[in-house]
Structures are given as C-alpha cells and as structure tokens.
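All remarks here apply to the structure that follows.
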Amino acid sequence: MSRVYNFSAGPAVLPEEVLNIAANELTEYKTTGQSVMEMSHRSKEYGAIISECEGLLREVMSIPDNYKVLFLQGGASSQFAMIPLNLMNKSKKADFVITGQWAKKAYQEAQRYGECKVIASSADKTFSYIPQLDETSFTKDADYFHICMNNTIYGSRFVDLPETGSVPLVADMSSCILSEPYDVSKFGIIYAGAQKNMGPAGLTVVIIREDLIGNAQDITPTMFNYKTHAENDSMYNTPPTYGIYILKLVLEWVKNKGGLEAMKAINEKKAAILYDFLDSSKMFNATVFGKDRSLMNVPFVTGNEELDSKFVTQAKAAGFINLKGHRSVGGMRASIYNAMPVEGVEKLVEFMKTFEANN
Ligand SMILES: *Cc1c(COP(=O)(O)O)cnc(C)c1O
Numbered sequence: 072m073s074r075v076y077n078f079s080a081g082p083a084v085l086p087e088e089v090l091n092i093a094a095n096e097l098t099e100y101k102t103t104g105q106s107v108m109e110m111s112h113r114s115k116e117y118g119a120i121i122s123e124c125e126g127l128l129r130e131v132m133s134i135p136d137n138y139k140v141l142f143l144q145g146g147a148s149s150q151f152a153m154i155p156l157n158l159m160n161k162s163k164k165a166d167f168v169i170t171g172q173w174a175k176k177a178y179q180e181a182q183r184y185g186e187c188k189v190i191a192s193s194a195d196k197t198f199s200y201i202p203q204l205d206e207t208s209f210t211k212d213a214d215y216f217h218i219c220m221n222n223t224i225y226g227s228r229f230v231d232l233p234e235t236g237s238v239p240l241v242a243d244m245s246s247c248i249l250s251e252p253y254d255v256s257k258f259g260i261i262y263a264g265a266q267k268n269m270g271p272a273g274l275t276v277v278i279i280r281e282d283l284i285g286n287a288q289d290i291t292p293t294m295f296n297y298k299t300h301a302e303n304d305s306m307y308n309t310p311p312t313y314g315i316y317i318l319k320l321v322l323e324w325v326k327n328k329g330g331l332e333a334m335k336a337i338n339e340k341k342a343a344i345l346y347d348f349l350d351s352s353k354m355f356n357a358t359v360f361g362k363d364r365s366l367m368n369v370p371f372v373t374g375n376e377e378l379d380s381k382f383v384t385q386a387k388a389a390g391f392i393n394l395k396g397h398r399s400v401g402g403m404r405a406s407i408y409n410a411m412p413v414e415g416v417e418k419l420v421e422f423m424k425t426f427e428a429n430n
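Using my numbering, read the sequence shown as starting at 72 and increasing by one per residue.
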C-alpha cells in the first residue's frame, strides 16, 4: 500500500496510526463480536466509547466543568442556524466579523432570526487578512458575537480575540480545533465540523457554556435545540456513532503525541517550512501576510493560471494530492492539519523547488 500526501481542506488526512487501529477493529471491536458501526448506541460498550471520547476532549482541550460537549450531526453549516435559534433570545441582535465565506454564511443565516451587524470585513482584499476591530462599534446588548477563528478557504486566522465583555463570543473552529491550545473559557460556544482536524465527516462538535442552553426561540425545531442534546448526553436520537469512535482514536493519538502544546509546536514548524519557502520563492507567493497567516491552510499562487494548473497536475502525479486552491481564490492551497507529517511538508517544498527550477 502506498499512501499519498493529502493536502485536502476537508474531508482531510487522518493519522495513519488511527486508521490502522480502526482497520484492526473494523469487524470486531475488542471482544464484542461486532463492529462499532453495528453497535446499538444505547449499549454498554458504545456508552464507554462516547464517554471516553468526551473525557479525552475535555482533558486535551482543558474544557471547564461549566461547559457541555455535544456530539451532533448536520455539519458546521447547521450551526449557522442553530446558534441564532438558541442564542438570539434577548435583544435578538448579534455581531459578525466577515473574514471569509464561512463567516459570511454564518451571518446570512443568522439574519433569518434576528438583527445582524457586520463589525468589519476583509472582503475588499479577497479576505487575505483579519480586519482591525473597533470595540466602540460592538453592539453592547448583542446576544452573541460571531467569528470564524480560522478561514479555511483564504488561509487567515484570528490571533487576538475580540474583547466582547459579557457578550458571548461564538467561534467556528472547524479548521483549527485541536491545532493549538485555546482558552475555552473565553468563548460562549466553540463549534466544528469534524472532517478537517478531528475525524470523518458527519460529526459536529459543539462546546457550549451551560448558561447559554435552555432559552431557544419558540420556533426552534426540537433537533436544533441545544437543550435537547445537552439533557440527553447527545443521545436524544442516534448520534454519529462511528465518527465519535474515530474522534476518540484521534484524541488518544493527540494525547500520546503530547497534547495541544505539542500539536502547536509541530504545526508552527510545518507552517514555517512552507511560508519560509513561499517568501523566498520567485515563482510562488503566499496570499496572506503577517501574524494573520493560518497554521492549517496555506493558499499560494504563481500569478499564472496555466502554471498553477501545470503545478497541480504534476504534484498529483508525484503523490501530493488536493493542492488545487478554492475556486474563489484560484492557485493552490496546502491544508496541513495535525495529521500531515512534517515530512509531507518538507517533501512538498522539495517538489516546489524542483518545479520552480524547471519552469
Ligand atoms: C468546512 C467548514 C465549514 C462547513 O462545514 P460543514 O461541516 O461542511 O457544514 C464551516 N466553517 C468552516 C471554518 C469550515 O472550514
């Protein structure tokens, strides 16, 4: 078997160690005589898996006791509606920073349920930076303040959090969760689709401060009410059982590697290898500069569409796949999530150097 280096933005590369454990346990989990996929979600065996998964997530992310962890379906995109339905219950106002397509989708969906204000946007330069925020423009009585922590498509990230005071800060962390330590207590809600840095598609993780649960708008569907899932330990209906099992394996892998401090150090090293090359190259250019540069998603261009597509084709043939950039940016994008080894980035840079020399 020969595995490629997969730079996909998501669904994305998973640690080979995790896939091997899953493969070994695929037809029989421990001595249960069945696959995790075949288990009742109400069984004792499955109960152990989901509670270990939650325990590991709490440990690895240092999640305070006054936060609930929910394992849901529907993707990060369902949260764009679930958040306003549950949180827009007092002033029915919320603030947004538009740093890319996902941030914009969160804003557009929330407009269906309340009054939404754009505090700042980086649309003027194709979302290639994080805008400065003027705190005096924040809505004092907003029900929440939404940011997209890491902009998967454009390759920028928040380093400094907005000071929202008593207004709950809500963050889409789909493409950066588990990549470095975050102070969970600074957030009202953290949410993430699993398919970038946590596991397979189909699982959505929500980490929510308890006081934000239980005041949903009347029109909220039962399945979109955080209370439904919090009161039933994510077992109101069938949770994405296999995805939760894979997340448990990924969290064990993260813990064995030294936790989120270790992930951060490795991710900074990988990102530096790639950005340093891009900054020295005469052919390839990064599209984001300064401290806003993402550790996870690195877009770059040659400035020549034909050359870009030649690069993507030749890279694929050499075993570096999914490097084509998002259609809204063009060029290339290398997503270098936790599971991408340092060696994968080093080899990609070698390949880019050779390509530059030959073209
Ligand atoms: C991928 C992504 C989404 C969309 O996630 P789905 O699970 O497909 O709904 C939302 N936000 C960010 C930051 C993403 O990277």
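Each residue gets a CB set at the ideal place from its N, CA and C atoms; glycine is no exception.
With 16 other Cβ atoms within 10 Å as the buried cut-off, status of residue i
i, result
"I290", "exposed"
"V413", "exposed"
"P135", "exposed"
"G402", "buried"
"A321", "The sequence shown places Val at residue 321, rather than the Ala named in the question. Its Cβ being crowded by 16 or more others within 10 Å, V321 is buried."
"Q29", "Residue 29 cannot be examined here, being either before or after the span of the chain that is shown, 72 to 430."
"R398", "exposed"
"E302", "exposed"
"A94", "exposed"
"N393", "buried"
"P292", "exposed"
"S256", "exposed"
"G329", "exposed"
"L204", "buried"
"R113", "exposed"
"S305", "buried"
"E421", "exposed"
"L97", "exposed"
"D282", "exposed"
"E125", "buried"
"S193", "buried"
"S406", "buried"
"T235", "buried"
Continuous beta strand (DSSP E) stretch holding residue i: start and end
i, result
"S133", "Here S133 belongs to no beta strand (DSSP E), and DSSP marks it neither H nor E."
"Y184", "Looking at the DSSP string, Y184 is not in any beta strand (DSSP E), and its letter there is neither H nor E."
"V241", "240–243"
"N368", "368–372"
"K139", "138–143"
"C219", "215–219"
"R404", "403–406"
"F167", "164–169"
"A263", "260–264"
"T309", "Note, T309: premise wrong, no beta strand (DSSP E); not H, not E."
"T197", "That residue, T197, is in no beta strand (DSSP E); it is neither H nor E in DSSP."
"I279", "275–280"
Start and end residues, alpha helix (DSSP H) containing residue i
i, result
"E339", "330–351"
"G314", "312–327"
"I92", "87–95"
"Y297", "297–302"
"N157", "146–158"
"T384", "376–388"
"A428", "413–429"
Cβ pair residue i, residue j closer than 8 Å
i, j, result
"T223", "N327", "no"
"L240", "F229", "no"
"M244", "A263", "yes"
"S246", "G81", "yes"
"T373", "F382", "yes"
"F167", "I190", "yes"
"D195", "L158", "no"
"Y313", "V107", "yes"
"A174", "C219", "yes"
"M423", "F355", "yes"
"N30", "A287", "No information on residue 30 is available, as it lies outside the stretch 72 to 430 that the chain covers here."
"V89", "Y408", "no"
"Y184", "L156", "yes"
"L345", "V416", "yes"
"T103", "E116", "yes"
Proximity winner among the options, relative to residue i (alpha-carbon distances)
i, options, result
"V131", "M411, M334, D350, M423", "M334"
"L274", "C124, I315, L283", "I315"
"S111", "N429, K362, I317, N308", "N308"
"A388", "K176, T358, L419", "L419"
"S73", "L349, I284, F391", "F391"
"P370", "L318, T358, S237, D379", "T358"
"N429", "Q385, H217, E417", "Q385"
"R280", "M269, G270, Q172, D254", "D254"
"L331", "E87, L127, G104, A119", "L127"
"A242", "S79, I278, T210", "I278"
"K267", "L318, E339, F426, L378", "L318"
"K164", "K211, F426, T235", "K211"
"M153", "G285, G396, F426", "G285"
Proximity test, Cβ basis, 8 Å: residue i and chain D
i, result
"F360", "Of the protein chains in this structure there is only one, and it is not chain D."
Problem - Neighbouring residues (CB closer than 6 Å to any heavy atom of ligand 1) - result: G81, G146, A147, S148, W173, C219, T223, D243, S245, S246, G264, K267
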